Amino acid sequence: METLFYNVGGGHDNQMIGRAAHIIMRGGLVAFPTETVYGLGCNAYDGEAALRVFKAKGRPADNPLIVHVAEPHDAYAFAEPTPMYDKLAERFMPGPLTVVLPKKEIIPDEVTAGNDTVAVRCPSDPTAHALIKSAGCPIAAPSANRSGSPSPTTADHVFDDLDGRIDMILDGGPCTIGLESTVIKLDGENCTILRPGAITKEMLEEVCGTVSVAKAVIDPSAVKDGNVPSPGMKYKHYAPRAEVVLVSADREKFLAYVSETASSGDAVMCAEEDMPAVRSDLICLPMGHADRPEEASQRLYAALRTADDRRAAHVFVRKPGTDGVELAMYNRLIRAAECKITEI
Ligand code: AMP
Ligand code: MG
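Numbering (the working numbering), first residue to last: 3 to 346.
So this is what it looks like as structure tokens:
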């Protein structure tokens, strides 16, 4: 199959958006930018189209898709939102928050992988918004990568993974957040974080009664034997081919450890301030300013892909904290490192 590739220049190319919307309406697959990562979209009411998404990605059939809407209220057509959904929508939508709700019959089982719940998200990216509006249906979309590889944060990443397997790629530039959305489950006033993202526990606490974090977020080994609240937690995910060495140490000790133990050609993620301290025979992956964790989040997946492109055997990364936006980084890295932490 030939994959069309178009630059949409910030969501204002109505002709291209219209063409993409037509592809979605007739059951095809379109990759599109969102503020989190690129999504691979299909008509959420079309079970066969959803199966094509699983096939193009090589995604395990039991891992459900997130359904994207143009306006938070559109969820009422296919889900059973609660009063807390409306409160959260008021505060955080459009934006990087996904809410798991009871589903209505109109959503096919293929989309929810047989679950009686559906995950709903309203993206803020202007291209994503224009595409969903133009298609006139909710769009089911997982991340637009081959299953198991790091999520795509540029259209080129999507091209590398899915060229020839999908109908179209819309290029809207690099994603501003760079990590997947926060996924939550609601129980009345209470909220459980199933996957951390840019909408943090602390932010959710300002709206919800209590906010808890599913055990598997911090300790993926807790879910190895099935029975997980969110199926995506089971999979290795987010992993490059290189071995990720997650090091628990302060910045100085981390740099000293890398200097002593890394082999020539290994890669190291470090703060921009620390770049001069990295040995010249290592691949230095600059992750932004040391006290701006959101910059590191935005660059994480591209950095992992760079390490693979340059054939690094190892990628050394300093273990992030578990508060605020750092929890999302921690969650992705602990999986990429297969739960191994090197304590210094
Ligand atoms: P992706 O869009 O590739 O980041 O994957 C979407 C993730 O959302 C899945 O891996 C699940 O963990 C989560 N998800 C989607 N639908 C549900 C659902 N009905 N219940 C719980 N988690 C869900
Ligand atoms: Mg994904």
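The beta-carbon is built from N, C-alpha and C at its ideal position, and this holds for glycine as well. Remember, predicted model here, so these are calculated numbers, not experimental data.
Open item on the list: Is the separation between the beta-carbon of Val219 and that of Ile201 shorter than 8 Å?
Closed with: On the sequence shown, residue 219 is found 217 positions in, with the first residue counted as 1. On the sequence shown, residue 201 is found 199 positions in, with the first residue counted as 1. No, the pair does not count as a contact, with Cβ atoms beyond the cut-off.
TODO: Identify the continuous alpha helix (DSSP H) that holds Glu207 and give its terminal residues.
DONE: Taking the first residue of the sequence shown as position 1, residue 207 is located at position 205. That run of the alpha helix (DSSP H) goes Lys203 to Glu207.
Open item on the list: So, at 6 Å on beta carbons, what are the nonlocal neighbours of Thr112 in its own chain, with the 5 sequence-adjacent residues on each side left out?
Closed with: Here residue 112 corresponds to residue number 110 of the sequence shown, with the count starting at 1. Inspection of the sequence shows that residue 112 is occupied by Glu rather than by Thr. Correct list, in chain order: Gly49, Ala52 and Leu53.
Open item on the list: Using only the alpha-carbon positions, how far apart do Leu329 and Pro198 sit?
Closed with: Taking the sequence shown and counting its residues from 1, the one referred to as residue 329 is at position 327. Taking the sequence shown and counting its residues from 1, the one referred to as residue 198 is at position 196. C-alpha separation (whole angstroms): 6 Å.
TODO: Could you have a look at Tyr47 and say whether DSSP puts it in helix, strand or coil?
DONE: For this step, residue 47 is matched to residue 45 along the sequence shown. Three-state result, Tyr47: coil.
Task: Among Arg167, Ile179, Thr308 and Ala115, nearest to Thr36 - alpha-carbon criterion - done: For the purposes of this step, residue 36 is taken as residue 34 along the sequence shown, with counting starting at 1. For the residues Arg167, Ile179, Thr308 and Ala115, the minimum Cα distance to Thr36 belongs to Ile179.
Open item on the list: If contact is defined by three or more beta carbon pairs under 8 Å, each pair taking one atom from either stretch, is the segment 159-176 in contact with the segment 74-89?
Closed with: Taking 8 Å as the limit for Cβ pairs, the verdict is that the segment 159-176 does not touch the segment 74-89.
Task: Rounded separation between Gly11 and Tyr40 - CA only - done: Taking the first residue of the sequence shown as 1, we reach residue 11 at position 9. Taking the first residue of the sequence shown as 1, we reach residue 40 at position 38. Roughly 15 Å separates the two Cα atoms.
Task: Rounded C-alpha distance that separates Gly30 from Thr114 - done: Residue mapping note: residue 30 aligns to position 28 of the sequence shown, counting from 1. Residue mapping note: residue 114 aligns to position 112 of the sequence shown, counting from 1. One C-alpha to the other measures close to 18 Å.
- [ ] Please classify Pro198: does DSSP put it in a helix, a strand, or coil?
- [x] For the purposes of this step, residue 198 is taken as residue 196 along the sequence shown, with counting starting at 1. In the three-state scheme derived from DSSP, where H, G and I count as helix and E and B as strand, Pro198 is classed as coil.
- [ ] Tell me, to the nearest whole angstrom, how far the beta carbon of Thr5 is from that of Gly166; I am working on the premise that it is less than 8 Å.
- [x] The sequence position of residue 5 within the sequence shown is 3, counting from 1. The sequence position of residue 166 within the sequence shown is 164, counting from 1. That pair is a contact at about 6 Å.
Open item on the list: Below 8 Å on the Cβ atoms is my contact criterion, and I expect Tyr259 with Thr155 to pass it. Report the Cβ-Cβ distance as a whole number of Å.
Closed with: Along the sequence shown, read from residue 1 onward, the residue named residue 259 stands at position 257. Along the sequence shown, read from residue 1 onward, the residue named residue 155 stands at position 153. No, Tyr259 and Thr155 are not in contact; Cβ-Cβ is about 28 Å, not under 8 Å.
TODO: Helix, strand or coil for His14, going by three-state DSSP, please let me know.
DONE: Here residue 14 refers to the residue found at position 12 when the sequence shown is read from its first residue. In this structure, His14 counts as coil in the three-state DSSP scheme.
TODO: For Arg281, name the three-state secondary structure that DSSP assigns.
DONE: On the sequence shown, residue 281 is found 279 positions in, with the first residue counted as 1. If DSSP states are grouped into helix, strand and coil, Arg281 belongs with coil.
TODO: Report the rounded CA-to-CA distance for Ala347 versus Thr84, giving the unit in angstroms.
DONE: The requested residue 347 is not part of the displayed model; the chain covers only 3 to 346.
Open item on the list: Taking the straight line between their C-alpha atoms, what separation do you get for Ala264 and Ser299?
Closed with: Walking along the sequence shown from the start, residue 264 turns up at place 262. Walking along the sequence shown from the start, residue 299 turns up at place 297. Straight-line Cα distance between these residues: approximately 23 Å.
Task: Start and end residues, alpha helix (DSSP H) containing Asp127 - done: Along the sequence shown, read from residue 1 onward, the residue named residue 127 stands at position 125. Here Asp127 belongs to no alpha helix (DSSP H), and DSSP marks it neither H nor E.
- [ ] Take Ser126 and list the residues in its own chain whose beta-carbon comes closer than 6 Å to its own, dropping the five residues that flank it on each side.
- [x] Here residue 126 refers to the residue found at position 124 when the sequence shown is read from its first residue. Correct list, in chain order: Glu37, Pro96 and Gly97.
Open item on the list: Measuring only from the beta carbon, is Pro98 closer than 7 Å to any heavy atom that is part of ligand 2?
Closed with: Counting from 1 along the sequence shown, the entry for residue 98 is found at position 96. No, Cβ of Pro98 sits at least 7 Å from all heavy atoms of ligand 2.
Task: Supposed contact pair Ala305 and Gly271 - C-beta distance, whole angstroms, cut 8 Å - done: Position 269 of the sequence shown, counting from 1, holds the residue named residue 271. Position 303 of the sequence shown, counting from 1, holds the residue named residue 305. Reading the sequence as shown, one finds Met at residue 271 and not Gly. Between Met271 and Ala305 a beta carbon distance of about 6 Å is seen, short of the 8 Å cut, so the two are scored as contacting.
Task: Beta-carbon gap between Val246 and Ala339 smaller than 8 Å - done: In the sequence shown, the residue the question calls residue 246 occupies position 244. In the sequence shown, the residue the question calls residue 339 occupies position 337. In this structure, Ala339 lies closer than 8 Å to Val246 by Cβ.
Open item on the list: What would DSSP say about Arg320, mapped onto helix, strand or coil?
Closed with: Against the sequence shown, residue 320 aligns to sequence position 318. Three-state result, Arg320: strand.
Open item on the list: Spatial neighbours of His291 within its chain, please: C-beta separation below 8 Å, excluding the five flanking residues on both sides.
Closed with: To locate residue 291, count along the sequence shown from 1; it is residue 289. Ala273, Glu274, Glu275 and Glu297, listed in sequence order.
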